[in-house]
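Asker:
Numbering (the numbering used here), first residue to last: 144 to 587.
1) Where residue 580 and residue 511 are concerned, what is the direct C-alpha to C-alpha distance, given to the nearest angstrom?
2) Could you pull out every residue in the same chain whose Cβ sits closer than 8 Å to the Cβ of residue 159, ignoring the five residues on either side in sequence?
3) Where do the ends of the alpha helix (DSSP H) carrying residue 169 lie?
4) Quick check on the DSSP output: the alpha helix (DSSP H) that includes residue 202 runs from which residue to which?
5) Taking all protein chains shown into account, do 16 or more other C-beta atoms lie within 10 angstroms of the C-beta of residue 297, making it buried, or fewer, making it exposed?
6) In chain order, what residues of the same chain have a beta carbon less than 8 Å from the beta carbon of residue 284, not counting five sequence neighbours either side?
7) If you compare alpha carbons, which of 373, 455 and 448 is closest to residue 394?
8) Indicate whether residue 388 and residue 203 have their beta-carbon atoms separated by less than 9 Å.
9) When we look at the beta-carbon of residue 335 and count the other beta-carbons within 10 Å, is it buried (16 or more) or exposed?
10) Taking only runs of the alpha helix (DSSP H) that begin and end inside the region 356-424, which ones reach a length of at least 4 residues, in chain order?
11) Rounded to whole angstroms, what is the Cα-Cα separation between residue 373 and residue 456?
12) Exposed or buried, residue 471, counting other C-beta atoms within 10 Å across all chains shown (16 or more means buried)?
13) Are the region 219-230 and the region 243-259 in contact at 8 Å, needing three or more beta carbon pairs?
14) Applying the 10 Å Cβ sphere with the 16-neighbour rule, what's the burial state of residue 179?
15) Rank 386, 529 and 450 by C-alpha distance to the C-alpha of residue 199 and give the top, closest one.
16) Residue range of the alpha helix (DSSP H) that residue 448 falls in?
17) Would you tell me roughly how many angstroms separate the C-alpha atoms of residue 243 and residue 219, rounded to the nearest one?
18) Mind reading off the beta-carbon distance from residue 354 to residue 174? Whole number of angstroms is fine, and I expect it under 8 Å.
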């Protein structure tokens, strides 16, 4: 499953910083959307089941799912694209580790796509059920209900139940697998067990973060509902329904907000020591302060039975998600510093190889060093040693530097009084450097 690793090009340190910023932006888009989609579907299924007791429940169930599936392209823009973007980022940032995090995120994306298809089937069959019910009521008042109408009504109802149930299952799997993957990415002590998929699924860190995600999803969905219905004074005559929506949202949001601080603290506690930094604790503290403000706002609204802070609630929840995401990204950055140092060094090697392949290497070669290391044992300028002195041989190469370079690279026996010169294994640039040194110094 490491096919993505084979497609990765080494990245510079600057590019890795940009990839980390891209991850933060990706999560700020992705996680609130997944939260609202997940909790809206759960609440819709729950209140549809209770719809037999109260028509307000049934109406609320339908409006919940409609509010998050108002446009098909939203799921692609806010779900599929960020998931693929995060897989790309992790493929780059975790290059050479052998971790399967990008592949797990791609699997998560496939589950998400199936879940979205099922959720839209659930939405449309919700409306089809109402159409068939209305048609049946009209027929029952005047004529016998046709068998074909009954058949399609039954099939639609069955498809509706199945699509809703399987939709939440596939969406839950997609979210949990995604959360487990990003937790593994920051858990450097457990990278040695990177291919243990069972360990990934049953990770305590992943489980706690998933529970935090669920609680936060109910909290932000309650804020979205309040914002949708009460951001301006409603002139609706359906006071009973609005009171139901307001009471439900305030209670759900209050309970979820009260639970959140404990889960935030637990998630910090279970992080590996390698991921701790002042930034991690700082943003965790900021998140706790925002949660405290949210809890106070919910308390005031519950006490006054009003929704006057509906807009402020939603904005604060977006800020809360941003703080939590930045906290986790700082933890990832801190725990993977060694990995980024390895990638930076790998990029330098890669860059050097590319330059060598295209002849762009501007390496400084010192001819004097080559002479002292290779030539001085057998040659001097004014004395005979193993070979002839340079002052006798070099004059004939005046203006013929290229001929001397060829001789140095591929020496042949010239003077029978001296043994043949062995090949020194110099590169063309090295041979050129030592020839220039010799020709410029032998007269001195």
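Virtual Cβ for every residue (Gly too), placed ideally from N, Cα, C.
Answerer: Reading off the structure:
1) Rounded to whole angstroms, residue 580 and residue 511 show a C-alpha spacing of 6 Å.
2) Answer for residue 159: 235, 236, 483, 486 and 487, listed in chain order.
3) Residues 156-192.
4) That run of the alpha helix (DSSP H) goes 198-211.
5) Result: exposed.
6) Bear in mind that a pLDDT of 49 at residue 284, under 50, signals an unreliable position, so the model cannot answer this.
7) For the residues 373, 455 and 448, the minimum Cα distance to residue 394 belongs to 448.
8) In terms of Cβ geometry, residue 388 and residue 203 form a close pair [threshold 9 Å].
9) Residue 335 comes out exposed.
10) The qualifying runs are 382-412.
11) C-alpha separation (whole angstroms): 12 Å.
12) So residue 471 ends up on the buried side.
13) Short answer: they touch.
14) With 16 or more Cβ atoms within 10 Å of its Cβ, residue 179 is classed as buried.
15) Cα-wise, what sits closest to residue 199 is 386.
16) That residue, residue 448, is in no alpha helix (DSSP H); it is neither H nor E in DSSP.
17) Distance between the alpha carbons of residue 243 and residue 219: 24 Å.
18) 15 Å between Cβ atoms; not a contact.
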